[in-house]
Every structure is written in C-alpha cells, then in structure tokens.
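Peer 1: Just dropping this structure here.
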Amino acid sequence: MLIDLHNHTKIGSWDSKLNPDETISLSKERGLDGIVFTEHDAVFGFKEAQSLSKKHNFMVFAGIEVNVEDGHVLVFGIDEYNDSFRKHKTLNQVVQDNNGAWIAQHPYRRWKPHPVVLQTSDWDNESENAKALERAKKVNLFEISYSMDVLNGRANIENNEFSLDLASELGMYYTASADTHDEIDIGKVATYFPKNISTYEELIKEIQQGHTWPVDLTNGSLTNYKDFCIIPNDDELVKIWAEIKKNRVRILEEQN
Ligand SMILES: [Fe+2]
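Take any residue in the sequence shown, note its place counting from 1, add 231, and you have its number in the numbering used here.
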C-alpha cells in the first residue's frame with residue numbers, strides 16, 4: 232500500500248494552501264491508498280480524520296509534525312499537543328507511553344550547510360557535507376530515532392541524499408513523505424507498506440517495526456537511487472530490513 236505520512240492543511244498549518252477535502256481527492260486520484268494529516272505543532276484530530284475517511288471512503292489518519300530542539304519529527308498515535316513536546320526526550324516518553332511512533336524529518340534543513348548562503352572562494356562542498364554528516368550523527372534526536380524520511384517531496388536530490396546518508400550511517404529504517412503544502416506536492420512520493428493496513432494501530436505497528444520502503448513516484452527527480460523508484464518484492468524487502476537491523480545493533484554496540 233502507498234501511504235503519504237506527511238500532509239499539511241490550512242486548518243492547522245499557516246504555510247499550507249490546501250484544505251483536507253482537496254488533499255484527499257487528489258491523493259486518491261494520484262494513486263495513493265491513504266494519507267496522514269500532520270499539522271505543525273497542532274493536532275488535526277483523530278475524530279476529524281475518521282469522519283473524513285468515511286466521507287471520502289479513503290484511509291485518513293491524524294498525526295502531528297513536532298518541532299523539537301534539533302529538528303522536526305512526525306508523530307503518530309498521539310491526539311494531544313502541548314509545548315513540553317518540544318523537548319524530544321519528553322516527546323519520546325509520550326510516544327512510548329501511548330505505543331505510538333515517530334519518524335525523523337528533513338535533517339538537511341538544520342544540519343547540512345547551504346553553499347548558496349555560505350559560499351566562499353575556497354568552499355569545498357564535499358568536505359563540508361562530510362563534516363556536517365559527522366555532526367548530525369552525534370545529535371541525540373537522530374541517535375534515538377528508529378526511522379528517517381529519506382525522500383521528502385519538496386527537497387532536491389542533494390538534500391534527500393543527506394537524509395539517506397545519515398539514516399544509513401545510524402542504521403535507521405527508511406520512509407518517504409510528500410510534506411504537502413500545495414496541490415503540486417500531492418502524490419510525488421509515498422511510503423510503501425507491503426502489509427495490508429486498515430487501522431491506525433496497524434499502520435503504527437508497521438512503522439514501529441520499520442516495515443516501510445520509500446518510493447519516488449516522480450520517476451527519479453528526487454533521488455539518484457533507482458531502488459527508491461520501484462517497489463522491491465517482499466523477499467528483497469525482508470533481506471534489506473534484516474540488513475538494516477543488523478547494522479543498527481552493531482552501531483548501538485559501538486556507541487555503548
Ligand atoms: Fe512538514
């Protein structure tokens with residue numbers, strides 16, 4: 232199933248031009264099987280999502296995009312918000328207490344240097360990126376995150392690559408999300424779930440287990456990785472996930 236886990240509407244996100252009904256209609260039209268509304272630091276509402284789901288006969292859930300100290304995370308399974316969530320350790324506890332899940336988002340925004348702004352005559356993009364990656368690897372938010380969006384529909388190839396490098400170095404599972412704010416964003420990327428999902432609990436369980444795969448539905452305008460432009464078969468995915476898990480165990484052992 233193809234689900235976009237990251238959608239903003241003008242009801243709860245000042246920077247979005249979309250209303251929920253048009254997001255759902257276009258998501259359906261563009262081949263998605265479900266979406267999650269995730270406003271900035273605000274609840275969309277489980278009940279609101281449920282009634283939209285009925286109205287449109289389409290899978291709709293509600294999460295939150297929380298702005299924590301060192302970046303943004305998408306949170307699933309929480310139907311409340313307060314400012315204490317801005318501390319990622321507090322948020323992590325709330326997520327665990329509610330058997331929810333979170334996914335780290337667009338780390339390049341905070342952690343990758345942007346040469347257009349910082350350009351100097353001796354700017355070496357490659358080495359600056361490598362240094363930035365080393366800095367990001369030591370950020371506790373990422374160390375404790377289990378999954379990372381490695382394809383963001385509004386990012387460029389270089390930025391998405393930074394997310395993928397960081398996720399790979401930390402042994403994280405991969406997801407993708409369009410981060411919709413405008414009609415053009417809808418359906419550009421989605422997270423593939425091999426399992427048939429029909430409830431929010433099922434979706435959260437799959438995210439918790441990392442049984443996800445990022446898919447670029449634009450045919451490669453967002454990534455150089457061909458594997459993200461296709462949906463691998465289930466056997467291949469099981470092998471990939473086992474490899475990620477092995478990596479994560481090794482990295483955690485090295486950290487301790
Ligand atoms: Fe967002």
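Each residue gets a CB set at the ideal place from its N, CA and C atoms; glycine is no exception.
(1) Nearest to D235 by alpha carbon, out of N478, Q486, D447 and E485?
(2) Tell me the rounded alpha-carbon separation between Q336 and V304.
(3) According to the neighbour-count rule (16 or more other Cβ atoms, all chains shown, within 10 Å of its Cβ), is K426 buried or exposed?
(4) How about G302 and G331: are their beta carbons less than 8 Å apart?
(5) If you draw a straight line from the C-alpha of P445 to the C-alpha of S429, how long is it?
(6) What number of angstroms, rounded off, separates the C-alpha of S282 from the C-alpha of W354?
(7) Is it the case that the CB of E296 approaches a heavy atom of ligand 1 more closely than 7 Å?
(8) Where Y456 and Y405 are concerned, what is the direct C-alpha to C-alpha distance, given to the nearest angstrom?
(9) Considering Cα atoms alone, identify which of V480, K286, N250 and M290 is closest to S399.
(10) Using a 10 Å radius around the Cβ and a threshold of 16 neighbouring Cβ atoms, would you call L483 buried or exposed?
(11) With DSSP run on the structure shown, which of helix, strand or coil describes E311?
Peer 2: Per the coordinate set shown:
(1) D447
(2) 5 Å
(3) exposed
(4) no
(5) 19 Å
(6) 53 Å
(7) yes
(8) 13 Å
(9) V480
(10) exposed
(11) coil
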